[in-house]
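Per my numbering, the very first residue in the sequence shown carries number 1; after that it's consecutive. A quick write-up on the structure given underneath.
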Amino acid sequence: MQKIPFSRQLTALLLCAACAVGFSGETQKPQPSVRTIRFGTLPVIQALPLFVAAEKGFFSASGLKVELESFQSATEKDVALTSGLIMGYFGDLLTPMVIKANGVPVKIVAQNFSTTGKRRMFAIVAAPGRTAATLTDVARDGIGAGSNTIVEYLTAKLLAARNISGSNLKMIEIKSIPIRFQMLMSGQVAAAALPEPLVTLAEMKGGHVLVDDAGLNLSPTVLVFEEKMLRDHPDAVRLFLKSVDKAAAFINDHPEEVREIMNRNCRIPEALQKTFAVPPFPKLTRPNPAQWKSIHDWLRQKKIIRNDITYEQIVDDGYLS
């Protein structure tokens, strides 16, 4: 799988804040084919079907050349999109609405994962040595999280599910997930909101899970494309999504065969690389409108976005098979 040499470009863009280059000035005439789809992702478990589609040849078998760029932070990924360095990306359901509100023309084309049944992806974990602490205790003492992010939204919803008001939450700002984990393990914070597989690793090291998102459908992840890509190359987008669906089915049928791909691309700690369960993935679908509205309304309440965005303005499921 080839990588895009983004490092120098991103560094310059981040330093200069040149985040509006995009594809301005290009023709509006639809193009018959796209030479390469440059797609941004993050090193997280929910993105596994993308890595499998690339490494197992599902993209190339569909006649597509796809270059995945795995960014270390959502900020880098967002800069790359707004600057025209990538054509689409994988991420949470919150970010596309913020990008759209900032004037970047994007559409969510599919949801690829959400927590259902007994599978968890996020949890609030108490620090080692605080096994007797309750969720109310740690909310009062301080929970490490990142403000104005999907993690803050999840933290608020997980507390609400246990009838704890957000007004009773002391949130400690720690945007970096690795630093948040280390501060939790060293007892510098009473608790932290963490994603898998760090939740499992924290448990192994003495942390105590107070509440998680299993079965709550709180943290869907989605696939997003810029509108120009959708307008100019709709067939390529459809083939892209079909390839991701095939990869998801392959993961479900051959979980152990993709373990090495997961370990290498999804930040699986060494201590868990042989035992952490490869999750099953559903067929791509449209985002749940009720879940979308919940996040949208939270963004409006927090004044992260200033104007309403309708479901139809941000979601286009016409590319799903």
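Ideal Cβ placement from N, Cα and C applies to all residues, glycine included. Keep in mind it's a predicted model, so treat the numbers as computed, not measured.
Three-state class that DSSP yields for LEU15 in the structure shown: Here the model assigns LEU15 a pLDDT of 42, short of 50, so the residue's position is not dependable and the matter cannot be decided.
Runs of beta strand (DSSP E) wholly within the stretch 85-133 (minimum 3 residues, chain order): The stretch 85-133 contains, as complete beta strand (DSSP E) runs of 3+ residues, the segments 88-92, 106-113 and 122-126 (chain order).
For ALA160, three-class secondary structure by DSSP: In this structure, ALA160 counts as helix in the three-state DSSP scheme.
Contact the stretch 131-149 vs the stretch 172-187: 3+ CB pairs below 8 Å: Touching, per the Cβ criterion.
Integer-rounded CB distance, given that ALA110 should sit under 8 Å from VAL222: Yes, VAL222 and ALA110 are in contact; Cβ-Cβ is about 7 Å, under 8 Å.
Helix, strand or coil at THR275 [DSSP, three-state]: THR275: coil per DSSP, three-state reduction.
CA nearest to the CA of MET121, picked from ALA132, ASP213 and ALA101: Nearest of ALA132, ASP213 and ALA101 to MET121, Cα basis: ASP213.
Nearest to LEU194 (by Cα), restricted to the options ALA127, GLY63, ARG231 and SER167: Per the Cα distances, ALA127.
DSSP beta-bridge partners of ILE172: According to DSSP, ILE172 bridges with GLY144.
Residue range of the beta strand (DSSP E) that includes GLU69: Annotation for GLU69: the continuous beta strand (DSSP E) segment containing it runs 66-70.
Backbone secondary structure at GLU312 - three-state DSSP: Three-state result, GLU312: helix.
Among VAL106, LEU50 and ILE124, the one whose alpha carbon lies nearest that of VAL189: Here the closest residue by C-alpha is ILE124.
Candidates ALA61, PRO282 and GLY129: closest to GLY207 by CA position: Here the closest residue by C-alpha is GLY129.
Distance, ASN112 Cα to GLN46 Cα: If you draw a straight line from the Cα of GLN46 to the Cα of ASN112, it comes to about 8 Å.
Residue from ARG300, LEU299, ASN288 and SER176 with nearest C-alpha to TYR311: The alpha carbon of TYR311 has as its nearest neighbour, out of ARG300, LEU299, ASN288 and SER176, the alpha carbon of ASN288.
Start-to-end residues for the alpha helix (DSSP H) that takes in PRO234: Per DSSP, PRO234 belongs to the alpha helix (DSSP H) from 234-253.
Pair within 7 Å by beta-carbon distance, LEU135 and VAL209: No, these two residues do not count as a Cβ contact at 7 Å.
Proximity below 7 Å, CB of ILE261 to CB of VAL52: Their beta carbons are under 7 Å apart, which means ILE261 touches VAL52 by this criterion.
Euclidean distance between Cα positions of SER62 and LEU239: Note on geometry: alpha-carbon atoms of SER62 and LEU239 lie some 6 Å from one another.
Alpha-carbon to alpha-carbon, ILE164 and ARG300: When only Cα atoms are considered, ARG300 and ILE164 end up about 21 Å apart.
Sub-7 Å separation of LYS242 and SER114 beta-carbons: Between LYS242 and SER114, the CB-CB gap reaches or exceeds 7 Å.
Cα-Cα separation between ILE4 and TRP298, rounded to whole angstroms: The pLDDT assigned to ILE4 is 43, lower than 50, so where the model puts this residue is not dependable, and the model offers no usable value.
Contact set for LEU198: own chain, Cβ-Cβ below 6 Å, skip 5 residues either direction: The beta carbon of LEU198 sits closer than 6 Å to the beta carbons of PHE181 from its chain, once the five residues preceding and following it are set aside; these are given in chain order.
Whole-angstrom C-beta distance between LEU94 and ILE295, which should lie under 8 Å: That pair is a contact at about 5 Å.
Those residues which DSSP pairs with PRO195 across a bridge: According to DSSP, which records beta bridges pairwise, PRO195 is partnered with PHE122.
Nearest-angstrom Cα separation, counted from ALA101 out to VAL315: Roughly 14 Å between the two C-alpha positions.
Candidates THR275, ALA54, GLN291 and ARG162: closest to SER219 by CA position: The shortest Cα separation from SER219 among THR275, ALA54, GLN291 and ARG162 belongs to GLN291.
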